[in-house]
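Peer 1: Residue numbers (our numbering), protein chains in the order written: chain W, 1 to 467; chain S, 1 to 215.
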Amino acid sequence: MGKTLFDKVWDAHVVNSVQNGPQVLYIDKHLIHEVTSPQAFNELEARGIPVFRPNQIVATADHNTPTLNQDLPIKDELSRKQLEQLSENCAKNGITLYELGHKYNGIVHVMAPELGITQPGMTMVCGDSHTSTHGAFGTIAFGIGTSQVAQVFASQCLLLTKPKSLRVTVNGKLKNGVLPKDVILYIISKLGTNSGTGYFCEYAGDVFENMSMEGRMTVCNMSIEMGARGGMIAPDDTTFEYVKGRKFAPQGKDLDKKVTYWKTLPTDADAVFDKEYVFDAEDIEPMVTYGTNPGMGIKISETIPVDDNASFKKSLEYMNFAAGESLINKPINFVFIGSCTNSRIEDFRVAANFIKGKQKANNVTAWLVPGSKQVEAQIIEEGLKDIFDNAGFELRQPGCSACLAMNDDKIPQGEYCVSTSNRNFEGRQGQGSRTILASPLVAAATAVAGKIVDVTKDIETLEIVSH
Amino acid sequence: MLDKIKKINKKISALAGSSMEKFTTLTSRAIPLAIENVDTDQIIPARFLKTTDKQGFGDNVFRDWRFDKHGSINKNFSLNNPKYSGSILVAGDNFGCGSSREHAAWALIGYGFEVIVSSFFADIFKGNALNNGLLPVQVSEGFLKTLLETVEAHPETNIEVNLENQTISIANSDVSESFDIYPYKKTCMINGYGDIDYLLSKKEQIEAFEAEQTL
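(1) Would you give the residue range spanned by the alpha helix (DSSP H) that residue 134 of chain S belongs to?
(2) From the DSSP output, read off the bridge partner residues of residue 171 of chain W.
(3) In the DSSP output, what is residue 39 of chain S paired with across the bridge?
(4) So the candidates are W:69, W:71 and W:100; which of them puts its Cα closest to the Cα of residue 84 of chain W?
(5) Under the three-state reduction of DSSP, which class applies to residue 210 of chain S: helix, strand or coil?
(6) Out of curiosity, what's the CA-to-CA distance linking residue 337 of chain W and residue 24 of chain W?
(7) Beta carbon of residue 199 of chain S: closer than 7 Å to some heavy atom of the ligand MN?
(8) Please report the residue range of the beta strand (DSSP E) in which residue 250 of chain S lies.
(9) Assuming residue 195 of chain W and residue 226 of chain W form a contact by the criterion Cβ under 8 Å, report the distance between their Cβ atoms to the nearest whole angstrom.
(10) Compute the Euclidean distance between the alpha carbons of residue 164 of chain S and residue 193 of chain S, then round it to the nearest angstrom.
(11) Between residue 160 of chain W and the rest of its own chain, which residues show a CB-CB distance below 7 Å, the 5 nearest in sequence each way excluded?
(12) Looking at chain S, is there any beta carbon in it that lies within less than 8 Å of the beta carbon of residue 406 of chain W?
(13) Which ranges would you report for the alpha helix (DSSP H) in the region 297 to 372 of chain W if only whole runs of at least 4 residues count?
(14) Taking only beta-carbon positions, decide if residue 297 of chain W is within less than 8 Å of chain S.
(15) Per the DSSP calculation, residue 31 of chain W is bridged to which residue(s)?
(16) Does residue 73 of chain S have its Cβ less than 8 Å from a Cβ in chain W?
(17) Which residue comes first and which comes last in the alpha helix (DSSP H) that contains residue 127 of chain S?
(18) When you compare the CB of residue 159 of chain W with every CB in chain S, is at least one pair closer than 8 Å?
(19) Consult DSSP for residue 221 of chain W and reduce its assignment to one of helix, strand or coil.
(20) Could you tell me the alpha carbon to alpha carbon distance between residue 389 of chain W and residue 446 of chain W, rounded to whole angstroms?
(21) Answer yes or no: do residue 100 of chain S and residue 123 of chain W have a C-beta to C-beta separation smaller than 8 Å?
(22) Assign residue 183 of chain S to one of two classes, buried (16 or more other C-beta atoms within 10 Å of its C-beta) or exposed (fewer than that).
(23) With 8 Å set as the bound, which would you pick, yes or no: does the beta-carbon of residue 112 of chain S sit closer than that to a beta-carbon of chain W?
(24) What distance in whole Å lies between the Cβ atoms of residue 4 of chain W and residue 208 of chain W, which are believed to be in contact at a cut-off of 8 Å?
(25) If you check the beta carbons only, do residue 395 of chain W and residue 368 of chain W fall under 8 Å apart?
(26) Residue 131 of chain S touches chain W at which residues, Cβ-Cβ below 8 Å?
(27) Under 8 Å, with one C-beta from each stretch per pair, do the region 316 to 327 of chain W and the region 290 to 300 of chain W reach the 3-pair mark?
(28) Residue 285 of chain W: which of W:18, W:455, W:379 and W:98 sits nearest, CA to CA?
(29) Return the Cβ separation of residue 10 of chain W and residue 138 of chain W in integer angstroms, given the expectation that the two are a contact with Cβ distance under 8 Å.
(30) Give me, in chain order, the residues of the same chain whose beta-carbon lies closer than 6 Å to that of residue 331 of chain W; leave out the 5 immediate sequence neighbours on both sides.
(31) By the 8 Å beta-carbon criterion, what residues does the region 72 to 106 of chain W contribute toward chain S?
(32) Could you name the residues of chain S that residue 261 of chain W contacts, counting a contact when the two beta carbons are closer than 8 Å?
(33) Just confirm the distance between the C-beta atoms of residue 56 of chain S and residue 111 of chain S, as a whole number of angstroms; I'd bet it's less than 8 Å.
(34) Excluding the 5 residues flanking residue 74 of chain S on each side, which residues of the same chain have their C-beta closer than 7 Å to its C-beta?
(35) DSSP state of residue 110 of chain W, grouped into three classes?
(36) From the DSSP output, in three-state form, read off residue 272 of chain W for me.
Written out as structure tokens, the structure is:
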């Protein structure tokens with residue numbers, strides 16, 4: 001029987017197996033940030049255990065950083081201390097850190113791919129559930145808890161039970177205006193938030209084959225929102241082209257050798273998955289969520305379903321929505337384009353393309369938060385900043401920002417935010433805030449209209465946006 | 001009938017090098033939380049993740065459900081209801097979904113929970129719980145329903161969890177169910193072993209693996 005992409009990468013990293021138990025999996029790259037690493041450093045220090053492979057760890061500050069005046073000292077004392085702790089821990093242990101203000105600083109899942117740290121066939125972990133993002137490169141990448149961060153510090157390995165395999169295939173041609181975010185929101189709305197638990201997911205079919213790396217990252221990013229620890233897409237020429245020439249990418253003959261190996265990674269034709277789902281690209285439309293988990297999504301033109309389940313009702317009550325109603329024309333005062341899901345250059349191009357020549361509605365506060373310093377620089381270089389400035393959008397400095405509202409970027413109590421982030425949990429974007437997840441296109445259209453509008457109606461007049 | 005939580009065979013691990021408390025059996029009342037898809041942002045909101053140690057998270061567990069926007073106690077929330085007590089939380093399906101924050105496990109432990117019962121657990125949360133000696137007990141939907149109904153109707157009921165036998169029972173009744181746990185993790189929980197000890201013992205093999213890599 002053939003092997004899946006996941007099997008091939010996993011099997012190449014097994015150091016040892018515990019009898020009737022888990023396997024010792026070698027981790028190639030370990031990414032860390034300020035929130036989930038300090039207790040792991042403390043544990044090692046308390047037990048006198050050194051960091052085993054500091055050269056395979058890369059750190060960035062992102063969750064807790066301000067998105068305004070990054071050159072000034074951070075006002076919030078706890079945030080400042082947490083960032084100082086990261087700097088100290090990295091200096092003490094010889095770990096590369098792209099701290100606030102560094103030209104490579106950014107959200108961990110934006111920074112690592114754009115520097116070529118993420119490469120096909122690798123195993124990567126980070127104390128962050130959206131580490132699944134890196135699976136876009138044909139990498140086994142998944143989020144871990146802080147105890148596991150300490151384990152990787154100590155041994156560059158983890159003890160894991162091999163997950164089951166799941167494949168989601170989407171074939172066909174996406175309609176104009178349907179973005180990678182809509183594809184993954186659609187999949188999660190069909191499968192639910194726990195269908196992937198215990199599985200590693202592979203996304204296959206020509207929809208993903210035709211997607212850019214940015215789009216593939218958006219899709220893999222949200223694998224965890226259906227419960228899957230990670231999602232992967234087979235590496236191909238699009239992947240190799242993206243990796244080539246980046247700062248930490250292999251070069252010359254090394255690259256040739258790697259590419260030869262990477263080409264052997266795609267799933268064999270006779271491989272069997274534990275679970276398979278197949279969808280038709282034609283069925284997908286721009287999506288929005290109406291509830292308090294990412295599985296509660298509908299096509300923008302649909303109405304909220306009716307369900308008697310108590311948790312479902314509690315969710316609608318929190319959102320102040322009624323079963324059976326449409327979200328079209330709902331007034332929206334906040335729009336956020338950013339997060340590790342949608343803060344790459346392509347996302348801002350999509351937004352700028354729609355916004356160009358239009359004005360933000362007066363009632364809307366629209367925050368645009370690039371995923372990294374490099375994305376920020378590119379936004380300026382490509383002239384997108386001028387478009388945003390002219391339209392009344394506020395371009396801020398990089399970080400996780402209003403995705404989880406650990407910094408000052410909070411949506412006020414009771415307000416709706418159409419957000420390109422990944423989670424619409426209660427209070428995720430600030431206490432009492434109400435999140436509606438959507439693509440950068442839907443977010444941009446909302447900001448211009450000041451309410452949710454059916455972008456499919458405008459699609460004929462839209463320039464085709466790249467996938 | 002004992003009103004207070006009764007812990008049996010629960011000792012702080014005295015083993016050198018072990019990083020967790022041991023868990024064998026627990027008899028306790030339970031607190032019901034009949035909500036599905038309880039995510040880690042509810043268990044511990046992100047704004048409380050700014051500290052650099054593991055202390056104090058229990059004070060803020062379920063913060064925005066326990067307190068309203070003005071900081072007043074929400075009397076309708078089960079953790080605030082004086083009729084419920086105990087170190088077992090009985091929660092709806094898909095408990096712990098969302099982020100990888102281990103702070104969620106620390107917060108539940110800090111509040112005093114030792115066992116979480118649900119019909120389904122999110123993957124990362126389950127691992128984090130096990131790595132901290134907090135036992136996730138996955139039961140059938142039918143058993144969960146019975147358990148929730150029993151605890152809500154008779155809050156004084158004791159629930160017995162036996163890790164060795166992998167059973168969860170309603171005391172003084174014949175209502176009982178067995179639960180699954182990876183044998184390796186069961187050994188770790190019973191003995192208070194952490195993964196880090198095992199991995200450190202494999203250093204030579206790990207170095208040999210590194211030396212074999214040609215690409």
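A virtual CB, placed ideally from N, CA and C, is assigned to each residue, including glycine.
Peer 2: According to the data block:
(1) Segment: none, residue 134 of chain S is in no alpha helix (DSSP H) and carries neither H nor E.
(2) W:280.
(3) Per the DSSP secondary-structure output, residue 39 of chain S pairs in a beta bridge with S:97.
(4) Checked all of W:69, W:71 and W:100; the closest Cα to residue 84 of chain W is W:100.
(5) The answer is helix: DSSP assigns residue 210 of chain S an H, G or I state.
(6) Spanning the two alpha carbons is a distance of roughly 39 Å.
(7) Absence of the ligand MN from the depicted structure is noted, as is the absence of any ligand whatsoever, leaving it without description.
(8) Missing from the structure shown is residue 250 of chain S; chain S here goes from 1 to 215 and no further.
(9) That belief holds up - the Cβ atoms of residue 195 of chain W and residue 226 of chain W are roughly 5 Å apart, short of 8 Å.
(10) Roughly 15 Å separates the two Cα atoms.
(11) A distance below 7 Å between beta-carbons, with the five flanking residues on each side excluded, links residue 160 of chain W to the following residues of its chain, in chain order: 22, 23 and 25.
(12) So yes, residue 406 of chain W belongs to the interface.
(13) Runs found: 310 to 319 and 345 to 355.
(14) It does not; no Cβ of chain S falls within 8 Å.
(15) DSSP output for residue 31 of chain W lists W:58 and W:126 as bridge partner(s).
(16) Not an interface residue.
(17) Taken as a continuous stretch (DSSP letters only), the alpha helix (DSSP H) holding residue 127 of chain S covers 123 to 130.
(18) Residue contact with chain S for residue 159 of chain W: present (Cβ-Cβ distance below 8 Å to some residue of chain S).
(19) If DSSP states are grouped into helix, strand and coil, residue 221 of chain W belongs with the helices.
(20) A straight-line Cα-Cα distance of about 17 Å links residue 389 of chain W and residue 446 of chain W.
(21) Not a contact, by the Cβ cut-off of 8 Å.
(22) In this structure residue 183 of chain S is exposed. Its beta-carbon is surrounded by fewer than 16 other beta-carbon atoms within 10 angstroms.
(23) Residue 112 of chain S has a beta carbon lying at 8 Å or more from every beta carbon in chain W.
(24) Actually they do not touch by this definition, with Cβ atoms about 15 Å apart.
(25) For residue 395 of chain W and residue 368 of chain W, yes; Cβs fall inside 8 Å.
(26) Neighbours of residue 131 of chain S on chain W, chain order: 145, 147 and 148.
(27) Because the criterion of three Cβ pairs below 8 Å is met, the region 316 to 327 of chain W and the region 290 to 300 of chain W touch.
(28) It is W:455.
(29) Under the criterion of beta carbons closer than 8 Å, residue 10 of chain W and residue 138 of chain W do not qualify as touching, at roughly 12 Å.
(30) Residues of the same chain with a CB within less than 6 Å of the CB of residue 331 of chain W, apart from the 5 flanking positions on each side, are 451 in chain order.
(31) Those would be 76, 78, 79, 81, 82 and 85, in chain order.
(32) Listed along the chain, the chain S residues whose CB falls inside 8 Å of the CB of residue 261 of chain W are 215.
(33) Incorrect: roughly 11 Å between the Cβ atoms, too far for contact.
(34) Once the five neighbours on either side are set aside, the close Cβ partners of residue 74 of chain S are 65, 66, 67, 68 and 80.
(35) Reduced to three states, the DSSP call for residue 110 of chain W is helix.
(36) In the displayed model, residue 272 of chain W falls within coil according to three-state DSSP, outside both helix and strand.
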